[in-house]
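Heads up: the structure comes next, in structure tokens.
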Amino acid sequence: MGPYASTADQFLVKAFNQGIVLHLLRVQGPLSRADIAKLTGLNKTTVSVLVDELIRRHLVREVGMGTSSGGRRPRLLALNAQAGLVVGADVAVDYLLVVVLDLQAKTIWKRRVDREPGTDAATDLARLGDLIAEGVAAVPETPLGLLGIGVGVHGPVEHPGGRLIIAPNMGWTDVPVGESLRERFQVPIVVDNEANTGALAELWAGAAQDVSDLFYFSIGMGVGTGIVLDGELYRGSAGTAGEMGHTTIDPSGPLCTCGNRGCLETFVSERALLRYVRETLGEAAPKSPAEVFAAADQGEAWAIAGLAQVGNYLGIGVANAINTFNPELVVIGGPMGSTGHHVLNSVRRVAEQRALPFPFSRARIVTSSLGEEACALGAGILILQEFFRIPQVRTADRAPENVLGSGKRRQGASTSGLPEVGVHYSTVGNA
């Protein structure tokens with residue numbers, strides 16, 4: 000037994016072991032009590048005590064009978080996804096989107112409303128609060144109720160506290176998003192950049208469930224990037240990492256909303272796309288990106304060329320990300336991620352030309368399958384990853400690989416450190 004575990008408070012040990020059981024049931028369930036004992040190294044009596052308490056707390060439920068291996072058929076256990084709920088919200092440039100999720104991050108309610116350009120922060124946050132209240136009231140009551148609210152915003156966020164530093168495309172500066180919602184709902188509030196929440200959604204429910212190093216581009220009216228290194232969101236020293244949209248591509252390029260010229264955002268955003276098609280069609284050009292997307296799907300050459308131009312410049316950004324961070328996976332999300340091969344083919348071609356050959360050969364580049372809901376989904380998952388976080392009990396022993404994997408993140412595992420817990424469960428006692 001390690002020096003920390005030998006003096007660990009029994010309450011912490013029990014919380015740790017219960018966290019392990021919940022983690023197993025969330026990512027591998029249904030399981031029997033014997034399965035849990037085998038996977039964790041805890042004795043069967045301890046597992047039964049832990050499970051009984053989790054059942055009393057409504058977090059675990061029995062879901063039927065398993066297959067017999069010679070004796071009586073075992074009772075199977077599963078996470079009770081309906082024990083509580085979380086809310087995720089996306090405060091975007093042109094809309095507000097709110098989702099209510101169960102404990103397995105399944106959407107049980109969703110509402111999207113348009114946002115008027117130029118609306119002040121106080122008005123939007125009041126409206127967001129009304130949408131959240133509407134969503135919570137619309138779903139069945141749960142034993143644990145509302146566990147917290149996560150919010151994705153389109154700009155850098157100060158951590159902790161949830162203060163939006165600036166959202167250039169919305170005209171917002173220094174907005175206390177977390178404080179505003181905390182006063183109204185009296186539950187935990189977590190605010191993060193929308194690209195970070197999109198990256199988290201990919202880790203739990205999208206293309207990145209089996210990777211530990213991810214670079215996520217969210218491309219709409221602006222450009223955000225979420226960075227995941229070794230299974231953890233990387234936010235930097237002050238929480239503002241990932242503003243790759245404001246890295247300079249051409250010092251004499253178009254003026255950006257941030258005040259600089261030639262930012263990546265000015266070449267790959269929806270505004271840039273509309274600029275490209277105006278250069279071809281003049282006054283006859285569509286006024287919305289959605290019209291360009293639809294025209295490309297119908298084979299219109301001008302629309303395909305405009306999206307390819309976005310892809311050419313985005314390929315430079317992707318190459319820079321691959322050279323700098325060496326990710327296993329690059330995901331293109333946001334509205335531009337819904338364009339499929341129209342952008343993706345150009346991105347891959349240019350990235351291959353400009354990235355170093357070795358890291359490029361180890362990276363996959365894909366578009367997101369989560370659609371518009373990614374940011375709000377990931378915002379809700381911010382709350383879930385804290386709810387399922389396993390208390391850290393230190394010892395020198397390693398956890399069994401059949402529980403925590405062998406370096407890759409298990410499907411659905413959170414970025415809270417669950418796959419990296421370095422503890423063999425039997426060494427912290429059978430509390």
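Quick note on numbering: numbering that gives the first Met the number 0 labels position 43 of the sequence shown as 42, and the sequence is numbered without any gaps.
Heads up, the beta-carbon is just placed ideally off N, CA and C, and yes, glycines get one too.
Quick caveat, the model's predicted, so the values are computed rather than measured.
Distance from the Cα of ASP93 is smallest, within the candidate group THR247, CYS255, ARG183 and ASP119, for ASP119. Inclusion of GLY149 and VAL46 in the CB contact set at 9 Å is not warranted, their separation being larger than that value. Secondary structure at TYR275: helix, using DSSP grouped into helix, strand and coil.
Rounded to whole angstroms, ALA237 and ARG277 show a C-alpha spacing of 39 Å. Classified as exposed, PRO356 has fewer than 16 neighbouring CB atoms from the shown chains inside 10 Å of its CB. In the displayed model, SER345 falls within a helix according to three-state DSSP.
Of the other Cβ atoms in all chains shown, fewer than 16 fall within 10 Å of the Cβ of ASP249; this residue is therefore exposed. A straight line joining the alpha-carbon of SER367 with that of ALA375 spans about 14 Å. THR247 and GLY128 have their C-alpha atoms some 37 Å from each other. For TYR94, the uninterrupted beta strand (DSSP E) segment begins and ends at 94–100.
Residues of the same chain with a CB within less than 8 Å of the CB of ARG162, apart from the 5 flanking positions on each side, are VAL156, ASP173, VAL174, PRO175, VAL176, GLY177, GLU178 and VAL190 in chain order. A Cβ-Cβ distance of about 6 Å is found for the pair ALA362 and VAL329, placing them in contact under the 8 Å criterion. If you draw a straight line from the Cα of ASP123 to the Cα of ARG260, it is about 29 Å long. GLU385: member of the alpha helix (DSSP H) spanning 373–386, first to last residue. A straight-line Cα-Cα distance of about 27 Å links GLY65 and THR141. By a beta-carbon distance limit of 8 Å, ALA194 contacts GLY241. Their separation comes to about 6 Å. DSSP places VAL330 inside the beta strand (DSSP E), whose first and last residues are 328–332. Of all alpha-carbon atoms in VAL48, ALA14, ASN319 and GLN297, the one lying nearest the alpha-carbon of THR224 is that of ASN319. For THR366, the enclosing beta strand (DSSP E) begins and ends at 363–366. Residue burial is scored here from C-beta neighbours: PRO326 has at least 16 other C-beta atoms within 10 angstroms and is therefore classed as buried.
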